Structure formats: C-alpha cells, structure tokens
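So for the sequence shown, the working numbering puts the first residue at 2; every next one is plus one.
Cβ coordinates follow ideal geometry from the N, Cα and C atoms, glycine included.
All of these numbers come straight from a predicted model, not from anything done at the bench.
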Amino acid sequence: MFDTLHLGVVTVGFVFTVGVVLATACFGRFFCGWGCHILALQDLSAWCLAKIGVNPRPLRSRTLAWAPVAAAIYLFVWPQVERLLHGHSLPELSIVTDRDEWTSFTTDDLLRSFPGIAMTLVTLSVCGFAIVYFLGSRSFCSYACPYGALFAGVERTSPRRIVASAGSCTNCGLCIASCKSGVRVIEEVRKYGSVVDSSCFKDLDCVSVCPTNAIGLGWATPPALRRLKVAEPKDKRYDFNLREEGLLSIVFLATVLVSRGLYGSISFLLALAIASLAAYAAVVGWRFALRSNYSFHGRPWKIDGKLTRTGRLAAVLLTSLGALLANSTVVRFHEARGESAIARLAHLEAQGADEASRRAEAASALGYLQEARRWAPVVPGVWRTQMAALYLRLGKTNESRREANAVLASDPGNQAGQLLVAQSWLADGRIELARQQALAIVAATERRYGQGPAPLSRRRVLAGAYFLLGDVAGRLGDRTEAREYFESAVASYSKHADAQLALGSLYAEAGRWEEARAAFNAVLLVRPADAPAKQALSRLRG
Numbered sequence: 002m003f004d005t006l007h008l009g010v011v012t013v014g015f016v017f018t019v020g021v022v023l024a025t026a027c028f029g030r031f032f033c034g035w036g037c038h039i040l041a042l043q044d045l046s047a048w049c050l051a052k053i054g055v056n057p058r059p060l061r062s063r064t065l066a067w068a069p070v071a072a073a074i075y076l077f078v079w080p081q082v083e084r085l086l087h088g089h090s091l092p093e094l095s096i097v098t099d100r101d102e103w104t105s106f107t108t109d110d111l112l113r114s115f116p117g118i119a120m121t122l123v124t125l126s127v128c129g130f131a132i133v134y135f136l137g138s139r140s141f142c143s144y145a146c147p148y149g150a151l152f153a154g155v156e157r158t159s160p161r162r163i164v165a166s167a168g169s170c171t172n173c174g175l176c177i178a179s180c181k182s183g184v185r186v187i188e189e190v191r192k193y194g195s196v197v198d199s200s201c202f203k204d205l206d207c208v209s210v211c212p213t214n215a216i217g218l219g220w221a222t223p224p225a226l227r228r229l230k231v232a233e234p235k236d237k238r239y240d241f242n243l244r245e246e247g248l249l250s251i252v253f254l255a256t257v258l259v260s261r262g263l264y265g266s267i268s269f270l271l272a273l274a275i276a277s278l279a280a281y282a283a284v285v286g287w288r289f290a291l292r293s294n295y296s297f298h299g300r301p302w303k304i305d306g307k308l309t310r311t312g313r314l315a316a317v318l319l320t321s322l323g324a325l326l327a328n329s330t331v332v333r334f335h336e337a338r339g340e341s342a343i344a345r346l347a348h349l350e351a352q353g354a355d356e357a358s359r360r361a362e363a364a365s366a367l368g369y370l371q372e373a374r375r376w377a378p379v380v381p382g383v384w385r386t387q388m389a390a391l392y393l394r395l396g397k398t399n400e401s402r403r404e405a406n407a408v409l410a411s412d413p414g415n416q417a418g419q420l421l422v423a424q425s426w427l428a429d430g431r432i433e434l435a436r437q438q439a440l441a442i443v444a445a446t447e448r449r450y451g452q453g454p455a456p457l458s459r460r461r462v463l464a465g466a467y468f469l470l471g472d473v474a475g476r477l478g479d480r481t482e483a484r485e486y487f488e489s490a491v492a493s494y495s496k497h498a499d500a501q502l503a504l505g506s507l508y509a510e511a512g513r514w515e516e517a518r519a520a521f522n523a524v525l526l527v528r529p530a531d532a533p534a535k536q537a538l539s540r541l542r543g
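1) Can you tell me where the beta strand (DSSP E) with Ser303 in it begins and where it stops?
2) Would a C-beta distance cut-off of 7 Å place Ser159 and Ala26 closer than the cut-off?
3) Using CA coordinates, which residue listed in Arg359, Met120 and Val97 is at the minimum distance from Leu346?
4) Check whether the stretch 267-282 touches the stretch 84-93, taking contact to mean three or more Cβ pairs, one atom from each stretch, closer than 8 Å.
5) Work out the CA separation of Gly149 and Arg30 for me, nearest whole Å.
6) Give me the Cβ distance between Gly339 and Leu370, rounded to the nearest whole Å; I'm assuming they're in contact under 8 Å.
7) Once you ignore the five residues that flank Val70 on each side, which residues in its own chain have a CB closer than 6 Å to its CB?
8) Roughly how many angstroms separate the alpha carbons of Thr256 and Ile275, rounded to a whole number?
9) Please confirm whether Ala466 and Gly475 have their CB atoms less than 7 Å apart.
10) Counting C-beta neighbours from all protein chains within 10 Å, is the total for Pro381 16 or more, i.e. buried, or is it exposed?
11) Only counting the same chain, and skipping five residues up and downstream in sequence, which positions put a Cβ closer than 7 Å to that of Ser133?
12) Anyone know if the C-beta pair for Gly286 and Trp302 falls short of 7 Å?
13) For Val164 versus Ala73, is the C-beta distance shorter than 7 Å?
14) Starting from Leu218, trace the beta strand (DSSP E) both ways and give me its first and last residue.
15) In the DSSP assignment, find the unbroken alpha helix (DSSP H) run with Ile177 in it and report its ends.
16) In whole angstroms, what separates the C-alpha of Ser329 from that of Leu254?
17) Candidates Val10, Arg375 and Ala283: which alpha carbon is nearest Pro92's?
18) Over what stretch of residues does the beta strand (DSSP E) that includes Ser296 continue unbroken?
19) Could you check the C-alpha separation between Ala176 and Ala225 for me, to the nearest Å?
20) Secondary structure at Val97, three-state DSSP: helix, strand or coil?
21) Taking 7 Å as the cut-off, decide whether the C-beta atoms of Leu409 and Asn415 are in contact.
22) Whole angstroms is fine: what's the gap from Ala363's alpha carbon to Pro116's?
23) When DSSP builds the beta bridges, which residues end up paired with Ser143?
24) By the 10 Å Cβ neighbour count, where 16 or more other Cβ atoms means buried, how is Ile95 classified, buried or exposed?
25) Classify Ala423 as helix, strand or coil using the three-state DSSP reduction.
26) Under 7 Å, do Gly353 and Ala530 count as touching if we go by C-beta distance?
27) Determine the direct distance from the alpha carbon of Thr213 to that of Phe1, and round the result to whole angstroms.
28) Whose C-beta lies closer than 7 Å to the C-beta of Ser169 among residues of the same chain, with five residues either side of it excluded?
29) For Pro80 and Ser90, what's the separation of their Cα atoms in angstroms?
30) Locate the beta strand (DSSP E) running through Arg161, then write down its first and last residues.
31) Measuring straight from C-alpha to C-alpha, what distance separates Asp548 and Ser493?
32) So, using beta-carbon positions, are Cys180 and Ile39 closer together than 7 Å?
33) In three-state terms, what does DSSP make of Leu395?
34) Relative to the alpha-carbon of Thr12, which residue among Ala66, Ala366, Val97 and Leu273 has its alpha-carbon at the smallest distance?
35) Ala503 and Val491: beta carbons closer than 7 Å?
36) For Val184, does the three-state DSSP call read helix, strand or coil?
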C-alpha cells in the first residue's frame, strides 16, 4: 500500500485495500467487524479480561478521536502533497516484475516485512491487552487505526445498515449494551430510520441479542445522501477537561515521533498504539501529582495527600515510563540522524561523488549511531550491522569485525554479518580467511535452497560472496575463475554494480564487446554517475 502511494507501484496490499474500500462503500464496515486481525485481538483480549472479572470502561477523549484521521491524512494524502511541494508529478501506477527488487504480486520472501518474535509479542501485548485494559474495548480502532478513519468516511455512502425490523421494541436496551463499538443502536434507528454512526462494524451483536427482532440488517438511504444533523447524546461525557486534552495531544504527538522506527523495529501503527497509552499515562500522572485524593481503577493511590503502598508503586512506574520516553527521545534523535546520513551516503555513491565526501558522510553516520548506542539500553542487530559496514567503509577493519562478530554471536546464521567478516579479512589482506568465509556463505545457501530461488535478502548477500570470491581469484591471477564468480554474482543479483563493473572489464579484455557494453550499462542503471563505467563505455564506442 505504501509503495503504491510513494512510488506508484501496484501491490497486493493496494489492490486489497481498494477492494475493501469498495466493499465498505456498498455494504458498510463488514471488514472491520469480521476480517480485521487487530479487532479480533482486541475482542479476544477483552474476553480474556472479562474471564478474570476485569471489564474496562471505554475511554472518551475529544482529541484522541482525531488521531486516526490525522494518521490517515499522513499515510494516504501527505505523500502526494510532499511530491507536489518538491516539484514532482504524482506517481503513475505500474506493475513491477523485477526479480532483483520486489514484485507487485509475488514474493520469494514472504516474511520479509513481518516483525521478529520479540516485536510480535510486543505488538500483541500493546495492541491487545494493554490498550483494551487502559483505554477500553476496541480503543485501537477509536484512537489509532488510520484505516478505520478511511473506512469510516467511506461507510457514509453505504446503503447497507441496521434498520427497524418486524418486531416491536420493548426498550430493553440490550442492543446498546451489546455493542462493543459504543453505538446507540435503537436510539439512532428511531431517530434516523437506521444506524448512521460510522463506528458500526456490522458485527450484528445487536441484532442477535434483540429478544423481539425489532432490528435487523437491511437497506436504507446512506447518510451521505441525507441532510442529517447528528447530535451527540445529551448524556455523553468526556473523561478529560480541555487542559488534559491539550496534554494528551502533546504527549501523543511526541511519542509517535519518538517511537516510530525506534531501534529499527517499531512500525507506525504500533507507534500510534504506544502513543495513545503514553498520552493516557501522562494525564494519569498529572492527576496523581495534583490531587490530594486519587484512585485508579478502584484502587486508591493517594489519600489526603499521602501515598498508599499501591500509590508508591505507581509513582515509581510512572516515573520510570517518563524516564524511558526521555531516553527514547535521545536515542531516536541520533538513530534518525544516522539513518539520514546513511541514505545520503548511498546517494553520494550512486552519484559518483568524490571519496572525501563519501568518507565524511560515513563518519557522520557512524558518529550518530555510536551516540545512539551510548544512550540505548539495548543495541539491536541492525545497528551493529550498519556500524560494521561503516567501519569497513572507513578502513577500520578490526572495529568492523568486532561489530559483525557481535551480530553473529546472537544470530550465528546471519549471512550479512558473515559477509562483513569476510570483507574485513580481505581488506586486511587475509585472502584465504576471506575466501573460506565467502565459500561458507555459498555452501550454506546451496544447502538451504538447493536449485530453488533464495529470498532477495539472501541473494544480495550471496552476490556479495561471489563478488568477493571473484576479487580473490583476480588477485591470484585466475581471470577465468574470476569471471565465473562475477557471472554468478550478477546471476544472483543483477544490480550488484561492482560485480557488473568487474565483469564488464573482463569481457572487454576478452574482446566480448557486446557483453561488456551490457555489463557497463547495468552499472549505470544502479549508479548513473559511475565514472569508470562511463569511461569504459566511451572507449568501447571509440
């Protein structure tokens, strides 16, 4: 979906989302009620909590209710606005079939965009039990989900609605009590002829619980085609005053900015859920600090200005959460600056910038990551891999091996770490050690995948290993073996520019002009300003 919005590439996610939007426009938010895995997680969490006697009350906030709308604008609208502001045209839709990047509808690495086990458990805990316990049932839908905001807007065009049925209403209120989304079912049916609240997920709990069949699923004029003045119920009360709503907004926005991408792991949707909880915790802490008497979920934390035992524990916990957010702010600041510097370095290398500029950018990126590590309570493997590559780029081979070996200590099968070790040995002139390490990568890939296609991430590393072996063969004077290894490298990953450049040079030496020309042109597809490739092509033309 995001690749479509940013690059114009049609993906399965985009097609699926468009399908759900069209279905919602016709039949209402059935997907939210029957197909969304996050809603299923929330309902399961609420069911489990109810089994132990915990029935969280839904939280009502004016400002947090706008968070999904703001998130939807950021995801779906802002990418196009940003392109226009930078003078670029809107992306044209296209279908990609490039096996050396990713394709629109097929993949050889199904789990590449999935989080690891640890982050999966965090996501299940935060978006499930935590958000339901503190903010109420389906609060992720109310205060975090940008897709929910999109579907809620489209739902207003749907004629499929909860309407009055043949039975007579006895005013039992079961339909309202059973609705996990907080819809005032029978009140809306009486007043408007159908349920018009876009929070209705069409899960039909209200219909199934009605003892007289007074309501059912039917057809009605969509709210978008009616002039309705939908007023909030007179008995609706918000849980926060305006000052607290302001605090909620500030902490929510700050936490989203800090937590998204933190440690290279936290997704935008998870960041929104974390921000909702952090904003609520901030208001709880504010009330706890200012009030002489304060209770939380029926447990007294402060009585006549004195902390209870539970209150002391809560004070420690809230203080720790505040310290964690402050620490994460510092870490994320340096991590983000490091990521930006790495992106600039990649751009400089693609544009053929001078070595001094590239080394300066690599040193800058390394400095930011080192500072992030100084503050971080944990050091993720992705940082170590990036730092190992940057150290190698700067010629600091011992430091590069140290970081790569740290990656391998926690993940012995990490082939990116193995390749960095091999490259550092080669840079030190330890040719045989480098060669053995590269051969081990090739053998491990062949054992695991045989003749079948390896995932893209593995093929990139495999191409690096073949290129290293070709480099070693070339240093030892065996040009035939070097050419074969380079050919294996580009067969694994055709966008390995260094392998294409080396291969083009060997083809040119052998008088294989067309193959040489093709290899040099392949380099320019990846690095448009590559001077050696341009010079070689110029010589071939001459």
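Walking through what the data contain:
1) Reading off the sequence shown, one finds Lys at residue 303, where the question assumed Ser. From DSSP, the beta strand (DSSP E) with Lys303 extends over Arg300 to Ile304.
2) yes
3) Arg359
4) no
5) 9 Å
6) 4 Å
7) Ala150
8) 7 Å
9) no
10) buried
11) Reading off the sequence, residue 133 comes out as Val, not Ser. Same-chain partners within the cutoff: Gln43, Ser46, Ala47, Leu50, Pro57 and Ser140.
12) no
13) no
14) Ile216 to Trp220
15) Leu175 to Ser179
16) 14 Å
17) Val10
18) Tyr295 to Phe297
19) According to the sequence displayed, residue 176 carries Cys and not Ala. Answer to the nearest angstrom: the Cα atoms are 24 Å apart.
20) coil
21) yes
22) 28 Å
23) Ser143 pairs with nothing; no bridge assigned.
24) Per the sequence presented here, residue 95 reads as Ser, with Ile not at that position. Exposed.
25) helix
26) yes
27) This structure does not reach residue 1, given that the chain is present from 2 up to 543, and the question cannot be answered.
28) Thr213 and Ala215
29) 11 Å
30) Arg161 to Ala165
31) Residue 548 lies beyond the stretch modelled for the chain, which goes from 2 to 543, so this question has no answer here.
32) no
33) coil
34) Val97
35) no
36) coil
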